[in-house]
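Novice:
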Amino acid sequence: MNPYVPILVIGAIGFGFAAISVVAAAITGPKRYNRAKSDAYECGIEPSPQAAGGGRFPVKYFLTAMLFIVFDIEIVFLYPWAVTFDKLGLFGLVEMMIFILTVFIAYAYVWRRGGLEWD
Amino acid sequence: MLNLALHVGATKTPEAVLFWFLAPLAVIAALGMLMAKKAVHSALLLAWVMITLAIFYIAQDALFLGIVQIVVYTGAVMMLFLFILMLVGVDSSDSLVENIKGQRPASIAAAIGMGGLMVTLIGRASLGRSAVGLVAANTNGNVQGLAEQLFTKYVWAFEVISALLITAALGAMVLAHSQKVRSRTGQRDLSIARFRGDSLASAAGLPSSGVFARHNAVDVPALLPDGSAAPTSISSVLKARGDMIESAIFELQPKEEEEN
Amino acid sequence: MDISNYLYLSALLFTIGAVGVVVRRNAIVVFMCIELMLNAANLAFVTFSRINGNLDGQVASFFTMVVAACEVVVGLAIIVTIYRSRRSASVDDASLLKR
Amino acid sequence: MLTAPVLNYSLLAPILVVLGGALLGVLVEAFLSKAVRPAAQLAIALGTLVLSFAQIIRVRNLTSLTAAVNSVTIDGAGVFIQGTILVLAFIALLLIADQDNFAAQASAVPGSEEERSAIATGKIQTEIFPLTLFAVAGMMLFPLASDLITLFVALEVLSLPLYLMAGLSRRRRLLSQEAALKYFLLGAYSSAFFLFGAAFLYGFSGSLSLNGIAAAITGGQGNDVFLLIGIAFLSVGLLFKVGAVPFHSWTPDVYQGAPTPITAFMAACTKVAAFGATLRIFYVGLSAAQWEWKPIITVVAILTMAVGAIAAIAQRDVKRALAFSSIAHAGFLLTGVLALNKSGLSASLFYIVAYGFTTIGAFGIVTLVRDSAGEVTDLNRWIGLGKKSPFISGMFVLFLLSFAGIPLTSGFIGKFSLFNAAYETGNITVVVVGVLASAVAAFFYLRIVVMLFFTEPTNDSVTVVIPSIMTRFAITFCALVTVVLGVYPSLLLNTTQTFANFLK
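Residue numbers (this note's numbering), protein chains in the order written: chain A, 1238 to 1356; chain B, 1175 to 1434; chain C, 3 to 101; chain D, 328 to 831.
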């Protein structure tokens, strides 16, 4: 546990600072509300009550997120490989190259089919 | 926990404090996930359970797994869940699946019985040997130890995982990606359309709002040289939102009669 | 504290997840309950890895996380498809798989 | 420096070829034009399976525990099951290639303009071929895997493509998508059980390999409670996959909703692979602890046979009826797991071959019976079909007779040798229930025969379409296998005898 004590302390300080700021602002600051202040900030345009599409995300966000996960997993494998690269030597390199090339095929497919285009 | 026959080695006090602080919270959060009406609340509570487990992993000498838990599970998987909830509508609690009817109470009873049985059984278990601990296995570092196993003993499973990744990408594309029937209109297409169109009036581009207008607001149309308003100068977004004011009221009145 | 407490926790979380799958009707919540079960299994793997003193359990847990992530991609893709189909009120298949 | 792990590529070649073919398929999807894709994909998929089968022939007599470090065991039974899966997949692929059964564009919302234009422009979702190959690779790895991690990974590799493909039907798409959802949720549920069991088996033995677990059981130094929990949960996961009775509820819905060629593929190949793995886990890993699991598996086997046979009678839908029949067959196959000896294993191997071909043939015929809206699966509308197209109906009857276990069909020999093996080991109760269940099932199948041939047809909109050459070949081949194995069972029985051994 010892090495994590500083992390815990940092976490506690961060949390404490955030809490104190919020509380202090609430106590000391002036409170004069009007309609404009409680509106959402939208660069001067009056905010519309609901975003386009009934407040729902279009599917393309989701597609991007899904593809992100696929390559996120690849990264997760790369990290332990990189850490032990010296010990693994050539066979480790070959294994990882095969793995990356295989996943790259998935990337090629996604790219060619326009999965990475936004609209 | 009445009968703790499984003496597999006691842990140090800090870990006990950590456990007894976080474990009840994890169980409460899991129960909350089960009970919560709104799916979003369930998702957030599940994220909390996962973070708790990540802390437990780190406390149990599985540093790398703790990090992966946060990066993959809390960071990516739960984010995806939240995206889906945004897609379906945050306030949705509608039923998407029909479970088998009538089995519900029986299944709950069976599941609780199973859980109770398991807890009792674990309580009665005696390992017959003390816990080894991971100090020896982690001498070169947890990530290194894990990597050595991963890339030697389990290398075949590791390579096969790539098939899984491709399947996932294929699945996402097949089910969620609509291929365009028509290709996107590019700059070239647009300029061809401008010059080959019916009139050359807009060949130099549409007028922008506020030019020769009576206000410089974005929702006020530009005035053309003859004094008539140009509705095309207003952004189509405003038009779609219904935020456009009737263009005609901004037009200059013709004054020809007075001059003559 | 006894290490077996982690196993109790794992069993409890697994049971909560298993109950949730049966009780809840919303496919997304059901799927989250399954994720909870997988996490419980992972906790058991990590704890046993510590008890047994080898890293095999941690490797298994690692593989589980990775595989579960792929499963999530496929599962949520299916859920999204269903959701999109259902919203477009097509009634020709209204009865569906009810018995 | 670590010593490099040795992968014996020559022994792994059958799986590697299939994986390579799947990757090639994905590349084709990425880089070839729409017009060439269907033909190219079909050629690649079929070629891959043939090539892989050639590799199987090459390695058929080799055995190894260390083909992929310790993750994979190459042995007689494993190679036999792999070969069976390849042949069945080849036949199923011929049905799948009849693309009329699949959604033109799966991402288009049913009933939308986009879907109509996709159908009008003749779009085809050719990703089905690489997905099928990935599933086949997983199926081939699953019965060979000899540690719990590889088992789990293989299970997912075979399941994920199937979840996807179950939702790709061209007609009645909502039903199909719902089937996919149901299959996915229950499949993931069962994987969670499998994993939890695996965790406790690891806790018990300190090892993830089946041999390590077996050694810990015989050594007796482990904790029996962990062993019990481990076996229980692992079995639940496996029984879900094979569709045994308390865990069967997904089977009829998924079989009904999925596109019929995929149902054929799923019903035959998944069951073969799942039983291969189940047999290996119980024969190799858990045989020393048989007193802990035999009573429960016996009950499950009895329940499965009984419920499968009885519930089939009440069905009004051909695909659901065939699903329940496949549940009953899972029960029969569990008696092979219970036997725990060489003759039990040999009989199981024979049975999965017989069952696999019969199933694909039966579902293949279901794809042919149609009206203007697509396949007709309502049994009442099949009445009198025998008068309209006696040949196809005759084939269907042949498959049904084989399901029922009537002599001169492969099903009879399969059941006979399985019950024989179970009887030898003293599982009399199971045998009695099995025979009774077969009798009940036979009644149901005979009812269909009467409906087909001895009842006047009532409506004329149902027709049997002229099958394409591929479908025709697939069905004929299945019928031939069913008859030949029924008449000359020794052709295969000798082979299964030779191959019926697990390397420990």
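Each residue gets a CB set at the ideal place from its N, CA and C atoms; glycine is no exception.
Computed from a prediction, not measured in an experiment: that's the story for all the values here.
How far does the beta strand (DSSP E) with Arg-697/D in it extend, from its first residue to its last?
Specialist: 696 to 698
Novice: What are the uninterrupted segments assigned as beta strand (DSSP E) that are 3 or more residues long and contained completely in the region 672 to 732 of chain D, given in chain order?
Specialist: 696 to 698
Novice: Quick check on DSSP: helix, strand or coil for Asp-1363/B?
Specialist: helix
Novice: Please list, in chain order, all residues of the same chain as Pro-1243/A whose beta carbon is under 6 Å from its beta carbon, the five residues on each side excluded.
Specialist: Nothing listed; no residue qualifies.
Novice: Thr-330/D by DSSP, collapsed to three states: which one?
Specialist: In the structure shown, Thr-330/D falls within a coil segment according to DSSP collapsed to helix, strand and coil.
Novice: Would Ala-20/C count as contacting chain A if we go by Cβ distances under 9 Å?
Specialist: Residue-level contact by beta carbon fails for Ala-20/C and chain A, as no gap is shorter than 9 Å.
Novice: Run through DSSP, which three-state label would Thr-790/D get?
Specialist: strand
Novice: When the cut-off is 9 Å and only beta carbons count, does Leu-1325/A lie next to chain B?
Specialist: yes
Novice: Out of Leu-1380/B, Leu-1398/B, Leu-1192/B and Phe-1325/B, state which residue places its alpha-carbon closest to the alpha-carbon of Gly-1329/A.
Specialist: Phe-1325/B
Novice: Out of curiosity, what's the CA-to-CA distance linking Gly-813/D and Ile-1342/A?
Specialist: 46 Å
Novice: Which chain A residues are close to Val-75/C, counting only those with a beta carbon under 7 Å from its beta carbon?
Specialist: Met-1303, Ile-1306 and Val-1307
Novice: Can you name, in chain order, every residue of its own chain whose Cβ lies under 7 Å from the Cβ of Ser-765/D, other than the five neighbours on each side?
Specialist: Ala-731, Gly-732 and Lys-742
Novice: What residues in its chain sit with their C-beta under 7 Å from that of Gly-753/D, if we drop five residues either side in the sequence?
Specialist: none
Novice: At 4 residues or longer, what runs of the alpha helix (DSSP H) sit wholly inside the region 478 to 546 of chain D?
Specialist: 500 to 532 and 537 to 546
Novice: Using only alpha-carbon positions, find the residue among Phe-479/D, Ile-637/D and Ser-496/D that is nearest to Leu-1338/B.
Specialist: Phe-479/D
Novice: For the alpha helix (DSSP H) that contains Met-593/D, what are its first and last residues?
Specialist: From DSSP, Met-593/D is part of no alpha helix (DSSP H); its letter is neither H nor E.
Novice: Measuring only the C-alpha atoms, how far is Asp-580/D from Phe-718/D?
Specialist: 29 Å
Novice: Kindly say whether Phe-1325/B, judged by its beta-carbon, lies nearer than 9 Å to any beta-carbon of chain A.
Specialist: Phe-1325/B has a beta carbon lying within less than 9 Å of a beta carbon in chain A.
Novice: Is the CB-CB distance between Met-1333/A and Phe-1314/A below 9 Å?
Specialist: yes
Novice: Between the region 1245 to 1278 of chain A and chain D, which residues of the former have CB atoms less than 7 Å from a CB of the latter, in chain order?
Specialist: none
Novice: Counting only Cβ pairs nearer than 7 Å, list the residues of chain A close to Ala-71/C.
Specialist: Ile-1306 and Ile-1310
Novice: With DSSP as the reference, identify every bridge partner of Thr-474/D, one or two as the case may be.
Specialist: In the sequence under discussion, the amino acid at residue 474/D is Asp, which differs from the Thr named in the question. According to DSSP, which records beta bridges pairwise, Asp-474/D is partnered with Ser-536/D.
Novice: Is Val-563/D buried or exposed, if buried means 16 or more other CB atoms sit within 10 Å of its CB?
Specialist: buried
Novice: Which class does Leu-1397/B belong to by DSSP, given the choice of helix, strand or coil?
Specialist: strand
Novice: Using a C-beta to C-beta distance shorter than 8 Å, which residues of chain B count as neighbours of Ala-46/C?
Specialist: Per Cβ cutoff of 8 Å: no residues; Ala-46/C is ~10 Å from chain B at best.
Novice: On a Cα-Cα basis, can you pick out the residue from Leu-1237/B, Ala-1396/B and Asp-1400/B that is closest to Leu-1409/B?
Specialist: The sequence as given places Ser at residue 1409/B; Leu does not occur at that position. Here the closest residue by C-alpha is Ala-1396/B.
Novice: Do you know how far the Cα of Arg-387/D is from the Cα of Thr-704/D?
Specialist: Going from the Cα of Thr-704/D to the Cα of Arg-387/D covers about 41 Å.
Novice: So, helix, strand or coil for Asp-644/D, using DSSP?
Specialist: strand
Novice: Residues of chain A with CB closer than 7 Å to the CB of Phe-677/D, please, in chain order.
Specialist: Ordered by position in chain A, no residue passes the 7 Å Cβ test against Phe-677/D, which lies about 37 Å from the chain.
Novice: For Leu-404/D, which option in Leu-359/D, Trp-618/D and Leu-676/D has the closest C-alpha, if you only look at C-alpha atoms?
Specialist: Looking at the sequence shown, residue 404/D is not Leu but Ala. Closest option to Ala-404/D, Cα to Cα, is Leu-676/D.
Novice: Checking 9 Å against the spacing of the C-beta atoms, do Gly-557/D and Leu-528/D come in under that value?
Specialist: Contact flag set, yes.
Novice: From this set, Thr-400/D, Phe-523/D and Leu-413/D, which residue's C-alpha is nearest Ala-381/D's C-alpha?
Specialist: Leu-413/D
Novice: Out of curiosity, what's the CA-to-CA distance linking Val-68/C and Ala-507/D?
Specialist: 22 Å
Novice: Hey, quick one: how far does the alpha helix (DSSP H) through Glu-442/D stretch, first residue to last?
Specialist: Where Glu-442/D is concerned, the enclosing alpha helix (DSSP H) stretches over 440 to 447.
Novice: Roughly how many whole angstroms lie between the Cα atoms of Val-792/D and Ala-1342/B?
Specialist: Straight-line spacing of the CA atoms in Val-792/D and Ala-1342/B works out to 36 Å.
Novice: Determine which residues of the region 338 to 356 of chain D have a Cβ less than 8 Å from any Cβ of chain A, and write them out in chain order.
Specialist: Leu-350, Val-353, Leu-354 and Glu-356
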